[in-house]
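Contents: one structure, followed by commentary.
Protein chains: 2
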Amino acid sequence: MYNLESIEQRLAEQGYRITPSRLAVVEATLEHSGHFSVDDILGRLPGVGRATVFRTMKLLSQMGILCRVLLENGSLRYRVSHRRDHHHHLVCVSCGSVEELDACIAAGAIDNLARSTGYDIEGHWLEFYGRCGPCRSGEA
Amino acid sequence: MYNLESIEQRLAEQGYRITPSRLAVVEATLEHSGHFSVDDILGRLPGVGRATVFRTMKLLSQMGILCRVLLENGSLRYRVSHRRDHHHHLVCVSCGSVEELDACIAAGAIDNLARSTGYDIEGHWLEFYGRCGPCRSGEA
DNA sequence: TAGACTAATGATACCAAGTCTCAATTGCCC
DNA sequence: GGGCAATTGAGACTTGGTATCATTAGTCTA
Ligand SMILES: [Mn+2]
Ligand SMILES: [Mn+2]
Ligand SMILES: [Zn+2]
Ligand SMILES: [Zn+2]
Numbered sequence: 071m072y073n074l075e076s077i078e079q080r081l082a083e084q085g086y087r088i089t090p091s092r093l094a095v096v097e098a099t100l101e102h103s104g105h106f107s108v109d110d111i112l113g114r115l116p117g118v119g120r121a122t123v124f125r126t127m128k129l130l131s132q133m134g135i136l137c138r139v140l141l142e143n144g145s146l147r148y149r150v151s152h153r154r155d156h157h158h159h160l161v162c163v164s165c166g167s168v169e170e171l172d173a174c175i176a177a178g179a180i181d182n183l184a185r186s187t188g189y190d191i192e193g194h195w196l197e198f199y200g201r202c203g204p205c206r207s208g209e210a
Numbered sequence: 071m072y073n074l075e076s077i078e079q080r081l082a083e084q085g086y087r088i089t090p091s092r093l094a095v096v097e098a099t100l101e102h103s104g105h106f107s108v109d110d111i112l113g114r115l116p117g118v119g120r121a122t123v124f125r126t127m128k129l130l131s132q133m134g135i136l137c138r139v140l141l142e143n144g145s146l147r148y149r150v151s152h153r154r155d156h157h158h159h160l161v162c163v164s165c166g167s168v169e170e171l172d173a174c175i176a177a178g179a180i181d182n183l184a185r186s187t188g189y190d191i192e193g194h195w196l197e198f199y200g201r202c203g204p205c206r207s208g209e210a
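Order-wise, the sequence lines are chains E and G. Our numbering puts the first residue of the first sequence at 71, with every later residue one more than the last. Our numbering puts the first residue of the second sequence at 71, with every later residue one more than the last.
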């Protein structure tokens, strides 16, 4: 859905400079289908500085091109996103593939929760973990 | 709901030794009403080693006395738990107080999700963030 | 097409949270 | 009180991420 050229164009439109390091990071992230860490990218790009990889991935996250995926143990990963609005993930704990879910099941509950607790509810985290079909049948 | 003596007793029942360091960590956690980090505890207990604080808080978590609270930025905190079964949290981003919620709003959605995605869903993270009543009125 | 100007880079130090190792200590049970 | 395994804590290490800052290099303008 994304390619290097379209992202390059969006970066330029928003006033960001097109640098070899940025493009290298974009290219490396586009190669991943599941979730990945910053160090996965770093490992493939020995010429690019650590800080630059972090900065670029933060920038891509802010632009909605990447999103952060929370793993079961609490650590954070990244993945190329195909949704720019609020959504959640279903992560396969076996192969790492990630489904982006369309409906936010928390939305309906938030009003009730606000009423019953007296809180003003501003945000939430929600991620699901499981095993995808291929992984289940592949192991039998 | 918990006090030092009852926890000491549970530790002994389960075959754990009662040591000054353990009791100091337990005592320090019981003083907190909201969420806290391991370093919050460490800071109050200069005589206790870093590894021991981590080990003790992990042990208390396994026993259901503490639970892990996920913050909005993805970092993990701890809090004294009053529920031993599956539950989620509503965290005040202003004062840090934590409500433990009784119903799991994800439970109902999981069957649908499993059917529509073909995943076997084994777990989830869910946390809510907001501002509690006192914090909202206190700031006007 | 050459500056100029500013954004971006990357080496490096730092930080936060947590694990690992291992020799020394100490609860616990007899 | 003694034996022994559980526990401790100093310290090195890991992972994920931020702050600093001198140097480099895109981009815009003339
Ligand atoms: Mn996503
Ligand atoms: Mn809890
Ligand atoms: Zn949602
Ligand atoms: Zn739940």
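C-beta atoms are modelled at their ideal positions from N, C-alpha and C, and glycine is treated no differently.
inquiry  = I'd like the span of the beta strand (DSSP E) that includes E83 (chain G), first residue to last.
reply    = Not the beta strand (DSSP E): E83 (chain G) falls in the alpha helix (DSSP H), residues 74 to 83.
Notebook entry, point to check: Going along the chain, which unbroken runs of the beta strand (DSSP E) with 3 or more residues stay wholly within the segment 154 to 193 of chain G?
Noted result: Whole beta strand (DSSP E) segments, 3+ residues: 158 to 162, 168 to 171.
Just to confirm, does E170 (chain G) get its C-beta within under 6 Å of one of the non-hydrogen atoms of ligand 2?
Annotation for E170 (chain G) indicates a beta carbon within 6 Å of some heavy atom of ligand 2.
Worksheet item: Per DSSP, what kind of secondary structure is L130 (chain E) in: helix, strand or coil?
Response: L130 (chain E): helix per DSSP, three-state reduction.
With a threshold of 7 Å between beta-carbons, can L160 (chain E) be considered close to chain G, or not? Chain G contact via Cβ: present.
| query | Whose CB is closer than 7 Å to a heavy atom of ligand 4? List the residues in chain order. | reply | Listed by chain position, these are G:H156, G:H158, G:C174, G:A176, G:A177, G:H194, G:L196.
**Prompt:** Residues of chain G with a CB under 8 Å from the CB of G188 (chain E): which are they?
**Reply:** Per Cβ cutoff of 8 Å: C202, G203.
Is E97 (chain E) helix, strand or coil when you go by DSSP? In the structure shown, E97 (chain E) falls within a helical segment according to DSSP collapsed to helix, strand and coil.
Under 9 Å by beta carbon: chain G residues contacting G144 (chain E): Ordered by position in chain G, the residues that pass the 9 Å Cβ test against G144 (chain E) are R138, L140, G144, S145, L146, W195.
Quick one: any contact between the segment 187 to 198 of chain E and the segment 71 to 87 of chain G, if contact means 3 or more CB pairs under 8 Å?
No contact exists between the segment 187 to 198 of chain E and the segment 71 to 87 of chain G.
* Can you say whether L160 (chain E) is buried or exposed, counting buried as having 16 or more other CB atoms within 10 angstroms of its CB? => With a 10 Å radius around the Cβ and a threshold of 16 neighbouring Cβ atoms, L160 (chain E) comes out buried.
Tell me which residue opens and which closes the alpha helix (DSSP H) that R114 (chain G) is part of. In the DSSP assignment, R114 (chain G) falls within the unbroken alpha helix (DSSP H) covering 108 to 114.
**Item:** Under 9 Å by beta carbon: chain G residues contacting E78 (chain E)
**Value:** Going along chain G, no residue has its Cβ under 9 Å from E78 (chain E), so there is no contact; the nearest lies around 29 Å.
- Can you tell me whether DSSP reads V139 (chain E) as helix, strand or coil? In the three-state reduction of the DSSP assignment, V139 (chain E) falls in the strand class, which pools E and B.
Can you find a C-beta in chain G that's less than 7 Å from the C-beta of R206 (chain E)? Taking Cβ atoms only, chain G reaches closer than 7 Å to R206 (chain E), which makes this a yes.
Reference R154 (chain E), options E:L136, E:H194, E:E78, E:K128, closest by Cα = Closest option to R154 (chain E), judged by alpha-carbon separation, among E:L136, E:H194, E:E78, E:K128: E:L136.
For a contact defined as C-beta to C-beta under 7 Å, what are the partners of F198 (chain E) on chain G? The CB of F198 (chain E) comes closer than 7 Å to the CB of L183, I191, H194 in chain G, given here in chain order.
So the beta strand (DSSP E) R147 (chain G) belongs to, where does it begin and stop? Run containing R147 (chain G): 146 to 150, per the beta strand (DSSP E) assignment.
For chain G, find out if any of its Cβ atoms is closer than 7 Å to the Cβ of A177 (chain E); answer yes or no.
By this cut-off, A177 (chain E) is not an interface position.
Q. So does the segment 160 to 170 of chain G actually touch the segment 120 to 136 of chain G, counting three or more Cβ pairs closer than 8 Å?
A. Short answer: they don't touch.
Quiz item: Can you name, in chain order, every residue of its own chain whose Cβ lies under 8 Å from the Cβ of M127 (chain E), other than the five neighbours on each side?
Solution: Answer for M127 (chain E): V95, T99, V108, I111, L136, Y148, listed in chain order.
- At 8 Å on the CB atoms, spell out the chain E contacts of E169 (chain G), in chain order. T187, Y189, listed in chain order.
**Request:** Could you tell me whether any non-hydrogen atom of ligand 2 is closer than 6 Å to the CB of S145 (chain G)?
**Result:** Exclusion of S145 (chain G) from the 6 Å shell around ligand 2 follows from its C-beta lying no nearer than that to any non-hydrogen atom of the ligand.
Cβ neighbour criterion (16 or more within 10 Å) applied to L212 (chain G)
Outside the shown range of chain G, which is 71 to 210, sits residue 212 (chain G), and nothing can be said about it.
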